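Protein sequences, first through last, are from chains A and B. Position one of the first sequence corresponds to residue 33 (the numbering used here), numbered consecutively onward. Position one of the second sequence corresponds to residue 33 (the numbering used here), numbered consecutively onward. Here's the structure, in structure tokens; my notes come after.
Protein chains: 2
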Amino acid sequence: MSQKTKQIAGNMLIAQSGGPTVVINQSLVGAVMEAKKHKEIKKIYGALHGIKGILGEDLIDLGRENVHTLQAVANTPSSGLGSVRKKPTPEDCAKIFEKLKKHGVRYFFYIGGNDSAETTHIINEEAKKAGYQLRCFHIPKTVDNDLRENDHTPGWASAAKFVAQAFMGDDLDNAALPGVKINIVMGRHAGFLTAAAALARTYPGAGPHLIYLPERPFDVTRFAAEVKKAYQKHGRCVVAVSEGIVDADGTPIAAAYTKEVDSHGNVQLSGTGALGDFLVGLIKQKTDISRVRADTFGYLQRSFPGVVSENDAKEAFAAGREAVRLATSGDIDGSVAIRRKKGKKYQVHFERVELRSVAKETRHMPDAYIAKNGCDVTKAFLDYAAPIVGQLPKIGRFKKIKVKK
Amino acid sequence: MSQKTKQIAGNMLIAQSGGPTVVINQSLVGAVMEAKKHKEIKKIYGALHGIKGILGEDLIDLGRENVHTLQAVANTPSSGLGSVRKKPTPEDCAKIFEKLKKHGVRYFFYIGGNDSAETTHIINEEAKKAGYQLRCFHIPKTVDNDLRENDHTPGWASAAKFVAQAFMGDDLDNAALPGVKINIVMGRHAGFLTAAAALARTYPGAGPHLIYLPERPFDVTRFAAEVKKAYQKHGRCVVAVSEGIVDADGTPIAAAYTKEVDSHGNVQLSGTGALGDFLVGLIKQKTDISRVRADTFGYLQRSFPGVVSENDAKEAFAAGREAVRLATSGDIDGSVAIRRKKGKKYQVHFERVELRSVAKETRHMPDAYIAKNGCDVTKAFLDYAAPIVGQLPKIGRFKKIKVKK
Chain A
33 MSQKTKQIAG NMLIAQSGGP TVVINQSLVG AVMEAKKHKE IKKIYGALHG IKGILGEDLI
93 DLGRENVHTL QAVANTPSSG LGSVRKKPTP EDCAKIFEKL KKHGVRYFFY IGGNDSAETT
153 HIINEEAKKA GYQLRCFHIP KTVDNDLREN DHTPGWASAA KFVAQAFMGD DLDNAALPGV
213 KINIVMGRHA GFLTAAAALA RTYPGAGPHL IYLPERPFDV TRFAAEVKKA YQKHGRCVVA
273 VSEGIVDADG TPIAAAYTKE VDSHGNVQLS GTGALGDFLV GLIKQKTDIS RVRADTFGYL
333 QRSFPGVVSE NDAKEAFAAG REAVRLATSG DIDGSVAIRR KKGKKYQVHF ERVELRSVAK
393 ETRHMPDAYI AKNGCDVTKA FLDYAAPIVG QLPKIGRFKK IKVKK
Chain B
33 MSQKTKQIAG NMLIAQSGGP TVVINQSLVG AVMEAKKHKE IKKIYGALHG IKGILGEDLI
93 DLGRENVHTL QAVANTPSSG LGSVRKKPTP EDCAKIFEKL KKHGVRYFFY IGGNDSAETT
153 HIINEEAKKA GYQLRCFHIP KTVDNDLREN DHTPGWASAA KFVAQAFMGD DLDNAALPGV
213 KINIVMGRHA GFLTAAAALA RTYPGAGPHL IYLPERPFDV TRFAAEVKKA YQKHGRCVVA
273 VSEGIVDADG TPIAAAYTKE VDSHGNVQLS GTGALGDFLV GLIKQKTDIS RVRADTFGYL
333 QRSFPGVVSE NDAKEAFAAG REAVRLATSG DIDGSVAIRR KKGKKYQVHF ERVELRSVAK
393 ETRHMPDAYI AKNGCDVTKA FLDYAAPIVG QLPKIGRFKK IKVKK
């Protein structure tokens with residue numbers, strides 16, 4: 033590869049897409065800070081609200097934001113540039129490419145999930161067709177943790193920490209006022225975030241006592257029987273349910289209760305309490321348990337400030353930095369993937385992977401992480417998740433030395 | 033008052049009642065630690081699940097828990113002794129009193145809200161009737177902040193901090209993906225917790241853009257018009273709605289959507305997403321806004337570990353300690369009330385008040401805290417709430433210097 037090819041001079045454009053996370057700005061700032069070190073990168077532009085901002089030329093000059101602001105934004109939840117849920121048409125992609133060319137953009141970075149990787153891939157192909165050297169990189173992000181090629185995805189571990197802490201507190205609440213408590217957790221097709229509820233078990237008998245994932249068919253009759261059994265055993269029952277649970281035919285349990293569809297053709301699962309309320313009704317109907325409640329954790333899972341996994345924040349920043357390093361290393365494109373090093377100590381490294389290998393399709397919880405009974409996780413999952421999620425609050429409990437009656 | 037009366041020797045019993053908070057164990061441990069200093073207090077008993085544990089003689093020996101455990105429990109959310117929602121009958125109260133006498137209890141402490149104060153009051157009257165010296169103290173607790181005689185109540189400020197942080201993150205989420213976002217906040221009759229959402233406004237244009245409290249009649253037509261107006265102004269709209277909103281006749285808006293009633297005769301408002309989903313349907317029906325979502329914060333507001341107001345934790349501990357100091361100071365009974373000292377610097381002191389003055393009835397947001405338009409709070413409320421709630425996470429935002437099209 034010639035030095036000339038390696039050092040193509042031009043402007044950079046970065047944008048954010050899909051559901052926000054508490055660390056998505058770490059990736060953005062990681063990329064911007066790295067870009068400032070590379071002379072071949074001239075202007076550093078940010079597009080507002082993803083590709084919508086490119087199409088409308090709604091760009092801001094990130095190179096003129098000072099370091100103090102950049103650091104403050106890095107530590108702030110949600111997408112600092114705004115986001116979008118828009119699947120571009122081939123015509124959109126052609127137009128986006130024209131706008132990038134018009135603004136002298138040679139480095140393009142898109143932070144998001146598999147839909148965003150696909151968008152990046154299509155824009156990249158468009159540039160290739162036109163013979164325009166555009167270095168396109170996708171930077172991974174998703175609380176669902178469902179990107180292929182990655183050991184885990186920036187955003188997931190912090191959301192997982194929120195879910196685990198929420199279950200820790202809610203389990204103690206349920207222990208104080210016993211009953212059945214069902215909590216609906218985000219995750220359209222992959223159960224990783226719901227599974228993280230298991231990290232909340234810090235004492236014998238702690239909830240969640242049952243965990244339902246989209247990877248296993250959900251049966252309403254079996255569900256009621258399992259809740260009843262756990263309730264009889266513990267005198268109470270805390271349940272983690274993925275918003276994405278499906279029946280044996282693959283139909284989302286929530287589908288009958290909500291009709292909204294986003295621009296990627298997905299059924300709306302978040303921002304409604306319908307699934308939780310349905311499951312409460314089911315337990316009340318099929319058992320004689322009187323105190324049955326549901327909470328839907330909703331958007332708090334992905335945007336709550338102050339509950340951040342340290343490793344997640346660091347890795348999100350590094351993923352952004354890595355994308356710029358790769359893009360400036362030669363005429364290449366791709367996605368930055370997080371890989372975990374083997375060994376006892378938790379360590380990760382980054383690898384470039386092909387855009388098409390993370391686009392479109394998603395990954396699911398491997399079988400080894402799901403308990404045989406279908407309503408729990410395994411130790412292998414806990415070993416996988418715990419070091420990424422990091423330290424959780426300590427729980428104190430009385431020894432409860434009984435007084436003679 | 034004679035020294036003999038002052039120093040009646042006997043055992044102490046303490047219990048927790050009603051909805052848990054993240055600092056209710058601070059009050060418990062504050063009382064236990066103080067009791068250990070008083071020679072006239074012999075055994076320190078805890079009843080499991082409030083008066084239910086007294087009736088069933090389900091007692092534990094708190095005097096045998098070590099300091100390390102006590103400190104760990106103090107920093108743990110939810111009621112370490114378990115809780116109960118049980119309104120005792122006069123027969124129950126007579127029986128409770130018999131159990132207290134049987135176990136040589138001369139000091140009785142009950143941590144809870146106005147219902148718990150009433151229970152304490154009735155037990156106290158029962159003891160007086162029998163001529164048995166029982167020093168009964170109620171220790172305040174409620175995330176609703178609706179106890180009379182108190183400037184504010186232990187538990188509220190930490191829940192308020194959770195609500196404020198949740199709105200900070202959710203507002204940024206809504207700014208990234210604009211639409212209407214409705215968040216349902218706890219508070220059956222008092223709007224203090226919902227009002228705390230206003231603390232989330234840390235930049236011009238920040239949400240919540242509308243705040244609906246139980247203290248003002250809720251009109252569905254006006255609500256839709258106000259949401260539409262705010263949406264037109266900001267291009268988005270974040271709304272804080274109390275679960276306890278009522279119509280002009282005083283009927284809860286949630287009443288038609290839920291039928292459950294607790295043992296105090298109250299309609300179930302928490303543990304269901306029905307109110308939020310109803311309001312989403314309303315906005316979709318009455319406006320042409322397409323992205324409308326609701327989250328119900330639910331039990332996380334009162335039990336999320338790690339999100340604690342420092343002042344709240346300190347004051348909750350001090351309230352427990354104060355109750356024991358008062359009870360050992362003479363043959364008196366009452367409730368410990370938090371009063372705020374006048375002046376710029378935030379300072380509180382504790383006062384003994386009569387049990388009947390905090391029992392049964394609750395207080396509401398004063399008019400001075402509610403904006404004239406009925407859908408916001410005033411600066412006076414923010415000045416009241418901010419020092420109790422304490423530090424919130426810092427938010428960073430780009431200057432957004434536009435690039436020429």
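We treat Cβ as the ideally placed atom computed from N, Cα and C, and that holds for glycine. Source: prediction; values computed, not measured.
Give me the Cα-Cα distance between residue i and residue j, rounded to the nearest whole angstrom.
i      : j      : result
C374/B : A403/B : Here residue 374/B is Lys; the residue named in the question, Cys, does not match the sequence. Cα to Cα, K374/B sits roughly 24 Å from A403/B.
G112/B : F430/A : 7 Å
M33/B  : A126/B : Note that M33/B scores a pLDDT of 44, beneath 50, so its modelled location is shaky and nothing firm can be said.
Q333/B : Q379/B : 25 Å
G330/B : T410/B : 25 Å
G443/B : L91/B  : Residue 443/B lies beyond the residue range present for chain B, which begins at 33 and ends at 437; the question has no answer from this structure.
T174/A : T185/A : 6 Å
D327/B : V273/B : 10 Å
Q35/A  : S59/A  : Residue confidence for Q35/A is low, a pLDDT of 48 falling below 50, so the modelled location carries little weight; the figure read from the coordinates is stated next. About 28 Å.
E258/B : G237/B : 16 Å
Y142/A : T319/A : 49 Å
I364/B : R167/B : 6 Å
N156/A : K118/A : 17 Å
M446/B : I216/A : Outside the displayed range of chain B (33 to 437) lies residue 446/B, so it cannot be described from this structure.
H70/B  : L204/A : 31 Å
K376/B : A345/B : 21 Å
A104/B : Q264/A : 29 Å
V61/A  : I171/A : 12 Å
Y235/B : K426/B : 11 Å
V390/A : H153/A : 10 Å
F336/B : P337/A : 13 Å
A41/B  : D147/B : 29 Å
L414/B : G239/B : 15 Å
E97/A  : K432/B : 8 Å
Please list the partners that residue i has in chain B, where partner means a Cβ-to-Cβ separation under 7 Å.
i      : result
Y331/A : D202, D205, D327
F413/A : What F413/A touches in chain B: nothing, since even the nearest Cβ is about 22 Å away.
A104/A : K426, G428
T101/A : G428, F430, K431
Less than 8 Å between the CB atoms is what I'm expecting for residue i and residue j, so what's the real figure, rounded?
i      : j      : result
A417/B : L225/B : Not really, about 10 Å apart at Cβ, beyond 8 Å.
A348/B : V55/B  : 4 Å
R353/B : A63/B  : 7 Å
G145/A : G50/A  : 5 Å
V212/B : I277/B : Not really, about 17 Å apart at Cβ, beyond 8 Å.
E275/B : G219/B : 6 Å
A191/A : M397/A : Contact doesn't hold; Cβ gap of about 15 Å is too wide.
R371/B : H381/B : 6 Å
L102/A : I76/A  : At roughly 11 Å, the Cβ-Cβ gap does not stay under 8 Å, so L102/A and I76/A are not in contact.
L387/A : S361/A : 16 Å between Cβ atoms; not a contact.
A222/B : N177/B : 6 Å
Quick one: list the residues of chain B neighbouring residue i, beta-carbon separation under 8 Å, in chain order.
i      : result
T304/A : G305, G308, D309, V312, R325, A326
P52/A  : L204, D205, A208, L209
S110/A : G201, L204, D205, A207, A208
E97/A  : F430, K431, I433
Kindly examine the ligand ADP and report whether one of its heavy atoms sits closer than 7 Å to the Cβ of residue i.
i      : result
D344/B : What this structure holds is no ligand at all, so the ligand ADP is not there to describe.
Just to make sure I have the definition right: I need the residues of chain A whose C-beta is within less than 7 Å of the C-beta of residue i. Which are they?
i      : result
N444/B : Residue 444/B falls outside the range modelled here, since chain B spans only 33 to 437, and no answer is possible.
S115/B : A208, L209
Since residue i meets chain A, which of its residues come closer than 9 Å, beta carbon to beta carbon?
i      : result
E342/B : What E342/B touches in chain A: nothing, since even the nearest Cβ is about 14 Å away.
Listing by chain order, which chain A residues have their CB less than 8 Å from the CB of residue i?
i      : result
Q197/B : F336, P337, G338
Against chain A, which members of the region 128 to 144 of chain B pass a CB distance test of less than 8 Å? H135
Note down, in chain order, all residues in the region 65 to 93 of chain B with a beta-carbon under 7 Å from any beta-carbon belonging to chain A. Y77, E89, L91, I92, D93
4 or more residues per run - each alpha helix (DSSP H) lying fully within the region 155 to 238 of chain B: 188 to 208, 224 to 227
Short-range partners of chain B found in the region 156 to 190 of chain A, where Cβ spacing is below 9 Å: none
Ignoring anything shorter than 4 residues, give me the alpha helix (DSSP H) runs that lie fully in the region 261 to 338 of chain B, in order along the chain. 306 to 318, 332 to 335
By the 7 Å beta-carbon criterion, what residues does the region 416 to 436 of chain A contribute toward chain B? P425, K426, I427, G428, R429, F430, K431, K432, I433, K434, V435
Pick out the complete alpha helix (DSSP H) segments inside the region 336 to 422 of chain A, 4 residues or longer, and give them in chain order. 342 to 359, 387 to 390, 411 to 421
Return the residues of the region 213 to 241 of chain B that lie within a Cβ-Cβ distance of less than 8 Å from chain A, sorted by chain order. K213
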